[in-house]
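> I am attaching a structure below and will ask some questions about it afterwards.
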Amino acid sequence: MAEQGNRQQSTRMVVTIVLLVLLALGFFAASFFVLT
Amino acid sequence: MSTATAHDDHHHGAPKGLMRWVTTTNHKDIGTLYLLFAFTMLLVGGAFAMVIRAELFQPGLQIVDPHFFNSMTTMHGLIMVFGAIMPGMVGLANWQIPMMIGAPDMALPRMNNWSFWILPFAGTMLLSTFFMEGGAPAFGWTFYAPLSTTFAPDSTDFFIFAVHMLGFSSIMGAINIIATVLNMRAPGMTLMKMPLFVWTWFITAFLLIAVMPVLAGAVTMMLTDRNFGTSFFNAAGGGDPVLFQHVFWFFGHPEVYIMILPAFGVISEIIPTFARKKLFGYSSMVYATASIAFLSFIVYAHHMFTTGMPVAGELYFMYATVLIAVPTAVKVFNWTATMWRGSMTFETPMLWAIAFVFLFTIGGFTGLMMGVAPSDMQYHDTYFIVAHFHYVLVTGALFAIIAAAYYWLPKWTGHMVDERLGKIHFWWSVISVNVLFFPQHFIGLAGMPRRIPDYSLQFADWNMVSSIGGFAFGLAQVFFIYVLVKTIRGGEKATGQVWEGAHGLEWTVPSPAPYHTFETAPVIR
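Protein chains in written order, with our numbering: chain A, 551 to 586; chain B, 12 to 536.
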């Protein structure tokens, strides 16, 4: 990992993870909104 | 056990002792932990199934009281889905995905450790409900409200917390897999060069991220309905119990594909190896997997045909459901076409894979029958349903995990599996599993409801046959323990290549796979 990594790659990694977490939170929230 | 994965290599080997397993961030160690956990849960859930089949051996109440019987069906389902099949697939993903894409490990190794170590606690919490006042949850694995809210035992709150934890673990695991596949592929490993197993898991991970939070939403609403005076699912307070089914099945239907898509991936690895041909229609396999994943979101209410939805709704969900047969048939066709005129040999993994193709297809066809709304009115809540989903999940998902174990065990342990024992296990299982589940089609069509401890006399004969098959199948899996232990402890040394027709990066490393692989990325041309 350390050998392979560079700043660009870790930025991409962080963006990937943030987007995926937001997706999960979005679906969690949406499950409540279907009620209204 | 530690001999299975503890190897010297030029960097450093595995640490020694118990703390190796508690603190490990190594994808192979974590894969092993997942697989061991899954197998343990398979035996626990299997023991519950034995109780169910023993009670149903004859009509009348013989062994357990009805509430406990309901707890057995509930916990059998929950343990098998969340404890055995899903962690089993995640275990395979942990072991194989980094090796198959030429990555040194998963993208988020510490989170990987956390994802796993949540599971034993969640599983223990779920099982601990048996010892609580009022007994374990007994409302079925689908935990429909109001049975799971107004009329459920106190232990249900522990069940809810366990589901929250299991879901959290799955979401973290899915994020890890997507981050790994998107960011850690070796140079030259383009998306359309990835092995099918990686592709199917990649797509499955998106399904997990989309639907596990919805499951968390459903149980959170149950929690507040039970304890904080809300009325999401309580008609008396302005809520709607049928709403629970909508939320649950929005999770529940994709969940089925979460369990079966990685199985498709496994089969797509094994068949080309033993047919000694490239997989027929690689790109169509990828698109078919993506199509099945997409369709899984828009068909869920076919589980609810009998709730009294408008005819237009029934028609839509019926047509959308039947549409899934198209990409699924693409897959079955491609596997068959891969075998066509191949130089086939029938080593143990191949036998399991071929059995998968036949028996999963039976489960698929009965699924089509139930997808047709008017006929589903007949099948709904009968043993026909039980037969259907066991063909999909046992001879489908479980057979694929077992096939994968036989296929990759030489890579994991460095030892070839004793072919004779593997074949005994295969034939024993494949015969008994059909004796177990095929008659359930008959008693279901004849009208026997599911989830009952007692039944009318006319169902007696086939229930007895089914139970005999059940005991035999259970025993076959105990025999599997012997095969596994024997392979881990010793046996013929495996080469790096292992199987003559095997292709892919995992077969370029020695067997057993070193503790660290691909620290320098391989280049794929």
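Virtual Cβ for every residue (Gly too), placed ideally from N, Cα, C.
On the premise that ALA197 of chain B lies in contact with ALA532 of chain B, defined as a C-beta separation below 8 Å, what is that separation, rounded to the nearest angstrom?
That pair is a contact at about 4 Å.
> If I measure Cβ to Cβ from ILE171 of chain B and keep anything under 7 Å in the same chain, skipping five residues before and after, which residues do I get?
Excluding positions up to five away in sequence, the list reads VAL230, MET233 and LEU234.
> Answer yes or no: does any C-beta atom of chain B fall closer than 8 Å to that of THR663 of chain A?
A question about residue 663 of chain A goes unanswered here, because the residues of chain A that appear run from 551 up to 586.
> Could you work out which residue in B:LEU420, B:MET459, B:ARG500 and B:TRP438 is closest to GLN595 of chain B when comparing CA atoms only?
Here chain B comprises residues numbered 12 to 536, so residue 595 of chain B is not present and cannot be evaluated.
> If we count the other Cβ atoms within 10 Å of its Cβ and call it buried at 16 or more, is PRO523 of chain B buried or exposed?
Buried: at least 16 other Cβ atoms inside 10 Å.
> Based on Cα-Cα distance, which residue from B:GLY455, B:ALA286 and B:VAL368 lies nearest to GLU511 of chain B?
GLU511 of chain B has its Cα closest to that of B:ALA286, out of B:GLY455, B:ALA286 and B:VAL368.
> Give me, in chain order, the residues of the same chain whose beta-carbon lies closer than 6 Å to that of ASN123 of chain B; leave out the 5 immediate sequence neighbours on both sides.
ILE41, MET117 and ASN187.
> How would you write the range of the alpha helix (DSSP H) that LEU54 of chain B sits in, first residue to last?
Counting along the chain, the alpha helix (DSSP H) containing LEU54 of chain B begins and ends at 38 to 66.
> Please return the same chain residues whose Cβ sits closer than 6 Å to the Cβ of LEU207 of chain B, not counting the five positions on each side in sequence.
Only GLY276, SER279 and MET296 meet the Cβ criterion.
> What first and last residue would you give for the alpha helix (DSSP H) that runs through TYR268 of chain B?
It spans 252 to 286 - the alpha helix (DSSP H) in which TYR268 of chain B sits, taken as one unbroken run.
> Can you pull the DSSP bridge partners for PRO131 of chain B?
Looking at the DSSP assignment, PRO131 of chain B forms no beta bridge with any residue, so it has no partner.
> Roughly how many angstroms lie between the CA atoms of TRP39 of chain B and PRO120 of chain B, to the nearest whole one?
Reading the sequence as shown, one finds Lys at residue 39 of chain B and not Trp. In a straight line, the C-alpha of LYS39 of chain B is about 11 Å away from that of PRO120 of chain B.
> Which residues in the same chain as PRO77 of chain B place their Cβ atom closer than 7 Å to its Cβ, once the five residues preceding and following it in sequence are excluded?
Counting only Cβ-Cβ distances below 7 Å, and skipping sequence neighbours, we find PRO464.
> State the DSSP-derived secondary structure class of PRO321 of chain B, mapped to helix, strand or coil.
Three-state DSSP puts PRO321 of chain B in coil, outside helix and strand.
> Please list the partners that LEU207 of chain B has in chain E, where partner means a Cβ-to-Cβ separation under 8 Å.
Given the protein chain composition of this structure (A and B), no chain E is represented.
> Is the shortest distance between the beta-carbon of GLN559 of chain A and the beta-carbons of chain B less than 8 Å?
Yes, because at least one Cβ of chain B sits closer than 8 Å to the Cβ of GLN559 of chain A.
> Quick one: is ASP472 of chain B buried, meaning 16 or more other Cβ sit within 10 Å of its Cβ, or exposed?
With fewer than 16 Cβ atoms within 10 Å of its Cβ, ASP472 of chain B is classed as exposed.
> Helix, strand or coil for HIS175 of chain B, going by three-state DSSP, please let me know.
In the structure shown, HIS175 of chain B sits in a helix (DSSP, three-state: H, G or I).
> Just to confirm the assignment: which complete alpha helix (DSSP H) runs, minimum length 4, are found wholly within the stretch 427 to 467 of chain B?
430 to 456, all fully within the stretch 427 to 467 of chain B.
> Would you say PRO224 of chain B faces chain A, with C-beta separation under 8 Å as the test?
Output row for PRO224 of chain B: interface = yes.
> Considering only their Cβ atoms, is the gap separating PHE150 of chain B from TYR45 of chain B smaller than 8 Å?
No, they are not a contact pair.
> Starting from VAL258 of chain B, find everything on chain A with Cβ-Cβ shorter than 8 Å and list it in chain order.
In chain order: SER581 and VAL584.
> I'd like to know if LEU572 of chain A contacts chain B, where contact means its C-beta is closer than 8 Å to some C-beta of that chain.
Closer than 8 Å: no.
> Helix, strand or coil, according to DSSP, for LYS422 of chain B in the structure here?
LYS422 of chain B: helix per DSSP, three-state reduction.
> Considering only residues of the same chain and omitting the five flanking positions on each side of SER180 of chain B, which have a CB-CB separation below 6 Å?
These residues qualify, in order along the chain: SER126, ILE129 and LEU130.
> Can you check the stretch 134 to 216 of chain B for any beta strand (DSSP E) of at least 3 residues that lies completely inside it and give the ranges in chain order?
None, since the stretch 134 to 216 of chain B contains no complete beta strand (DSSP E) of that length.
> Determine the burial state of GLN107 of chain B: buried for a count of at least 16 other Cβ atoms within 10 Å of its Cβ, exposed for fewer.
GLN107 of chain B is buried by the Cβ-count criterion.
> So, does the CB of ALA118 of chain B fall closer than 8 Å to a CB anywhere in chain A?
It does: the Cβ of ALA118 of chain B has a partner Cβ on chain A nearer than 8 Å.
> For the alpha helix (DSSP H) containing HIS314 of chain B, name the first residue and the last one.
Unbroken run through HIS314 of chain B: none, as it is neither H nor E.
> Can you tell me where the alpha helix (DSSP H) holding ILE90 of chain B begins and where it ends?
Segment: none, ILE90 of chain B is in no alpha helix (DSSP H) and carries neither H nor E.
> Going by C-alpha to C-alpha distance, which of B:LYS289, B:ALA340 and B:ILE499 sits closest to SER302 of chain B?
Here the closest residue by C-alpha is B:ALA340.
> CA-CA distance, SER159 of chain B and VAL62 of chain B?
Cα-Cα distance, rounded: 23 Å.
> Please state whether DSSP places LYS504 of chain B in a helix, a strand or coil.
LYS504 of chain B falls in the strand class under three-state DSSP.
> Along the stretch 121 to 136 of chain B, what residues have a CB closer than 8 Å to any CB found in chain A?
For the stretch 121 to 136 of chain B, which is checked against every Cβ of chain A, not one residue is closer than 8 Å.
> Take HIS175 of chain B and list the residues in its own chain whose beta-carbon comes closer than 7 Å to its own, dropping the five residues that flank it on each side.
Excluding sequence neighbours, HIS175 of chain B sits near ALA227 and VAL230.
> Return helix, strand or coil for THR356 of chain B, following the three-state DSSP convention.
Correct three-state label for THR356 of chain B: coil.
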